[in-house]
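Asks: Sequence order for the protein chains is D and C.
Under full-length UniProt numbering, think of the first position of the first sequence as 1, with each following residue one higher.
Under full-length UniProt numbering, think of the first position of the second sequence as 1, with each following residue one higher.
2 protein chains.
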Amino acid sequence: MTLRDIHVTMAHGGGGKAMRDLIDEVFTAVFQPPGSEDQARLTNDALSEPGARLAFTTDSFVVTPLEFPGGDIGKLAICGTVNDLAVGGARPLWLSAAFVIEEGCEIALLRRIVATMAEEAAKAGLRIVTGDTKVVERGKGDGVFITTAGIGVIPPGIDIGAAKIRPGDAVIVNGVLGDHGATILAARGDLALSADLVSDCAGLGHLMQAALAAAPGISAARDCTRGGLASALNEMAAEANVTVELEEARLPLRPEVVGMCEILGLDPLYLANEGRLVLFCPADQADAALAAMRALPEGAGATIIGHTLERCGAPVTLRTAFGGARIVDMLIGEQLPRIC
Amino acid sequence: MTLRDIHVTMAHGGGGKAMRDLIDEVFTAVFQPPGSEDQARLTNDALSEPGARLAFTTDSFVVTPLEFPGGDIGKLAICGTVNDLAVGGARPLWLSAAFVIEEGCEIALLRRIVATMAEEAAKAGLRIVTGDTKVVERGKGDGVFITTAGIGVIPPGIDIGAAKIRPGDAVIVNGVLGDHGATILAARGDLALSADLVSDCAGLGHLMQAALAAAPGISAARDCTRGGLASALNEMAAEANVTVELEEARLPLRPEVVGMCEILGLDPLYLANEGRLVLFCPADQADAALAAMRALPEGAGATIIGHTLERCGAPVTLRTAFGGARIVDMLIGEQLPRIC
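Below, the structure is given as structure tokens:
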């Protein structure tokens, strides 16, 4: 135990002994990466199976506040990258984690973040195998930013993606929408909102594997993060050249979230989620997919919210409870900054 | 062409149309990643060769200034990750790139950075296959931070690392030391130094492959970034339990760099390099390694700077030009913040 500092200083990013102590005690003691070189060296039999493909993805996380009901930036950083792998049908294997820390950041906060990262990685069944730490001066960052990159393996025979969506597919989500966005908004405390909301942040690797096993005809899936369900559906429908018809009455929304959105003039379809995916599958496999998803805690609220049609007009439309229809467009401008 | 903005705004990070335009026009138009999913899906025959291993590494880059003689943050971000792969004997294959952009950052600057990234990736023979963009408010970042992660393949039979270093190994560097650190220092302009210095920033993948082919007994290599040659050697010597004896007269140093260090009370052995590696190999293969390195521009200045002994006292010592000896310790505290 040689790290006696309470706060991160510029010396912790300088390449010398202080940096080595910070990395050893706060990061590698918890993550326990293999070997001691700057690169992890890895093998996995699934990767050399004929027809298997490697999946590779990255995300930076800049959420504010760093800790919020239901998670922290570390949990987001693991789940976000796990989910980007999972929705492509990949089994997550390994993660990298790079930290840009603002001078003055509390080391105790870093330790808490690292602990949640290790916990989420274990839940997802993967390892954090390599990393990096940089320090920037006070006022040139904001606490800590984390960038994770993930490697997964797509087994032979799995080939899903927006281009595979067909007219007649059922559109399924795994639970209530917008909790993450609403929670962050409430946690910022600059609104007189006190809601008992908790972020939906969760890893969806096991859920996606279960859905694929039960409904092998799944055509595509995506996690509904920044820009919410509406943005994910618009991108996917545009690529598949179909129209997604949502039914308002079927959208799973908490009254607290709907209420908050009404007060603030927001639309819950654009609120960020960090543990929600939207999935397309042939109508005759929808029940099987739903049953498999509902058997897992992160899919307990799984439900069909609409279906796809041959493209007619806009990529995404909503049938309202009153029988009308409206276009659900891409988000224009910003809704909530730094939500993930 | 729908992106008419001059500067990045918070909307460019919001998950909607502005973000899509920024990503499409500034990033994916240049990087041309495969497919349109959030994850890249990749195959490479070398990865499924029996005995091959996957190498995985990441680094964040926070250098200031963002552009400097000899490169910019984008060139650093590619070369840094390529070099972390290369020094382990891996052939770099794929890179991810994640950007944390400060509100107000000039889009023209981003375009220049992205162009140098594409150019360096092509030189290194690899592809930037996936990425991410986040935007933070003015005063919560500093222009742009870039995090790259890299995947490479270590061919069967290659297994190098600090633990393999043996007493009697020759210690080789590929050129003059400290140019990157000195260049950044001069480029900050807060010193009345005007030196015609250029960063050594360069990808070392081809150099490392050539050295390994010529001298298969190479035991270990490392790139000498933050903390400089001295820190890299201390870490490696400690792990191998040997003493590295450097000869001062053989250290390749530019007079301008030595002069700047004398004025500022710095030691060039601790200055950061971004295109320099230190390599250990059996003495009887040193000439072959040198010849192979000198045949490439990035190895033109390759030279032997010392050798290893059974551990006697400190991990790294320096025989001075006057016949004395001094200990070369780990860097204590910080030398130059945000050098990479």
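Here a beta-carbon is modelled for each residue, glycine too, at the ideal position from N, C-alpha and C.
Go ahead and pull the three-state DSSP assignment for LEU251 of chain D.
Replies: Three-state DSSP puts LEU251 of chain D in coil, outside helix and strand.
Asks: In angstroms with no decimal places, state the Cα-to-Cα distance between LEU177 of chain C and LEU204 of chain C.
Replies: Cα to Cα, the separation comes out at about 15 Å.
Asks: Would SER199 of chain D count as contacting chain C if we go by Cβ distances under 9 Å?
Replies: With 9 Å as the cut-off, SER199 of chain D does not count as an interface residue toward chain C.
Asks: State yes or no: is the beta carbon of ILE165 of chain D nearer than 9 Å to at least one beta carbon in chain C?
Replies: Output row for ILE165 of chain D: interface = no.
Asks: Note down the Cα distance separating GLU256 of chain D from LEU126 of chain C, rounded to an integer number of angstroms.
Replies: So the alpha carbons of these two residues sit roughly 49 Å apart.
Asks: Return the residues of the segment 79 to 100 of chain C that lie within a Cβ-Cβ distance of less than 8 Å from chain D, sorted by chain order.
Replies: Here the close residues are ASP84, LEU85, VAL87, GLY88, ALA90, TRP94, SER96, ALA97, ALA98, PHE99, VAL100.
Asks: Look at the alpha carbon of HIS307 of chain D and the alpha carbon of LEU212 of chain D, and state the distance between them as a whole number of angstroms.
Replies: HIS307 of chain D and LEU212 of chain D: Cα-Cα distance of roughly 18 Å.
Asks: Should PHE56 of chain C and MET117 of chain C be called a contact, given that it needs their Cβ atoms to be closer than 9 Å?
Replies: For PHE56 of chain C and MET117 of chain C, no; Cβs fall outside 9 Å.
Asks: Taking GLU67 of chain C as the query, report the chain D residues whose CB atoms sit under 8 Å from its CB, ordered along the chain.
Replies: Residues of chain D passing the Cβ test: none, with the nearest at roughly 17 Å.
Asks: Measuring alpha carbon to alpha carbon, tell me which residue in D:ALA29, D:PRO252, D:THR225, D:VAL100 is nearest ALA302 of chain D.
Replies: Looking at the Cα atoms, D:PRO252 is the closest of the given residues.
Asks: Below 7 Å CB to CB, which residues in the same chain sit around VAL244 of chain C once its five sequence neighbours on both sides are set aside?
Replies: Once the five neighbours on either side are set aside, the close Cβ partners of VAL244 of chain C are VAL171, LEU233, ALA237, GLY306, THR308, PRO315, VAL316.
Asks: Using 10 angstroms around the beta-carbon of LEU264 of chain C, count the other beta-carbons present and answer buried if the total reaches 16, otherwise exposed.
Replies: LEU264 of chain C is exposed by the Cβ-count criterion.
Asks: Give me the chain D residues within the contact set of GLN335 of chain C, using Cβ-Cβ distance strictly less than 8 Å, ordered along the chain.
Replies: What GLN335 of chain C touches in chain D: GLY14, GLY15, GLY16.
Asks: Taking C-beta pairs closer than 9 Å, name the residues in chain D that MET330 of chain C reaches, listed in chain order.
Replies: Correct list: GLY16, LYS17, ARG20.
Asks: Tell me which same chain residues have a C-beta within less than 8 Å of the C-beta of PRO65 of chain D, skipping the five on either side of it?
Replies: Excluding sequence neighbours, PRO65 of chain D sits near ILE184, ALA187, ARG188.
Asks: Quick one: list the residues of chain D neighbouring VAL129 of chain C, beta-carbon separation under 9 Å, in chain order.
Replies: Simply PHE56.
Asks: Let me know if ALA40 of chain C comes out buried or exposed under the rule of 16 or more other beta-carbons within 10 Å of its beta-carbon.
Replies: By the 10 Å Cβ count, ALA40 of chain C comes out buried.
Asks: Give the residues from the segment 40 to 52 of chain C that approach chain D closer than 7 Å (Cβ to any Cβ), ordered along the chain.
Replies: Listed in sequence order: ALA40, ARG41, LEU42, THR43, LEU47, SER48.
Asks: Going by the beta-carbon positions, is the gap between ALA163 of chain C and ALA215 of chain C smaller than 9 Å?
Replies: For ALA163 of chain C and ALA215 of chain C, no; Cβs fall outside 9 Å.
Asks: Three or more beta-carbon pairs under 8 Å between the segment 89 to 102 of chain D and the segment 140 to 159 of chain D, yes or no?
Replies: The segment 89 to 102 of chain D vs the segment 140 to 159 of chain D: in contact.
Asks: Measuring straight from C-alpha to C-alpha, what distance separates VAL173 of chain D and ILE304 of chain D?
Replies: If I take the Cα positions, the gap works out to 7 Å.
Asks: Going by DSSP, which residues form a beta bridge with PHE56 of chain C?
Replies: PHE56 of chain C is bridged to D:ALA40, C:ILE151.
Asks: So that I know if they touch, is there some Cβ in chain C lying closer than 9 Å to that of ALA210 of chain D?
Replies: Chain C contact via Cβ: absent.
Asks: Let me make sure I understand the geometry here. Which of D:VAL328, D:ASP267, D:ILE23, D:ILE218 has the alpha-carbon closest to that of VAL278 of chain D?
Replies: Taking only the C-alpha atoms, the option nearest VAL278 of chain D is D:ILE218.
Asks: VAL62 of chain D versus chain C: which residues are under 9 Å apart at the beta carbon?
Replies: Here the neighbours are GLY13, VAL100, LYS134, VAL135, VAL136, LYS140, GLY141.
Asks: Are any of the Cβ atoms in chain D nearer than 9 Å to that of SER219 of chain C?
Replies: It does not; no Cβ of chain D falls within 9 Å.
Asks: Roughly how many angstroms separate the alpha carbons of MET10 of chain D and ILE107 of chain D, rounded to a whole number?
Replies: Each residue's alpha carbon lies about 13 Å from the other.
Asks: Quick one: is THR147 of chain D near chain C, going by C-beta distance under 9 Å?
Replies: Judged by the 9 Å Cβ criterion, THR147 of chain D is in contact with chain C.
Asks: Between the C-alpha atoms of ALA52 of chain C and LYS134 of chain C, what's the straight-line distance to the nearest angstrom?
Replies: So the alpha carbons of these two residues sit roughly 35 Å apart.
Asks: Residues of chain D with CB closer than 9 Å to the CB of GLU106 of chain C, please, in chain order.
Replies: Near GLU106 of chain C there are no residues of chain D at all, since even the closest Cβ is about 17 Å away, more than 9 Å.
Asks: Applying a beta-carbon distance threshold of less than 9 Å, which residues of chain D neighbour ASP24 of chain C?
Replies: Result: empty, since nearest Cβ-Cβ is about 11 Å, beyond 9 Å.
Asks: To the nearest angstrom, how far is it from the Cα of ASP5 of chain C to the Cα of GLY143 of chain D?
Replies: About 29 Å.
Asks: Indicate whether at least one CB of chain D lies closer than 9 Å to the CB of GLY306 of chain C.
Replies: Output row for GLY306 of chain C: interface = no.
Asks: Please confirm whether LEU318 of chain D and GLU239 of chain D have their CB atoms less than 9 Å apart.
Replies: No. Outside cutoff.
Asks: Going by the DSSP bridge assignment, what does HIS206 of chain D pair with across the sheet?
Replies: Paired residues: none, contrary to the question.
Asks: Measuring alpha carbon to alpha carbon, tell me which of C:ILE327, C:LEU54, C:LEU197, C:GLY275 ends up nearest ASN76 of chain C.
Replies: Here residue 76 of chain C turns out to be Leu, not Asn, going by the sequence shown. Considering only alpha carbons, the answer is C:GLY275.
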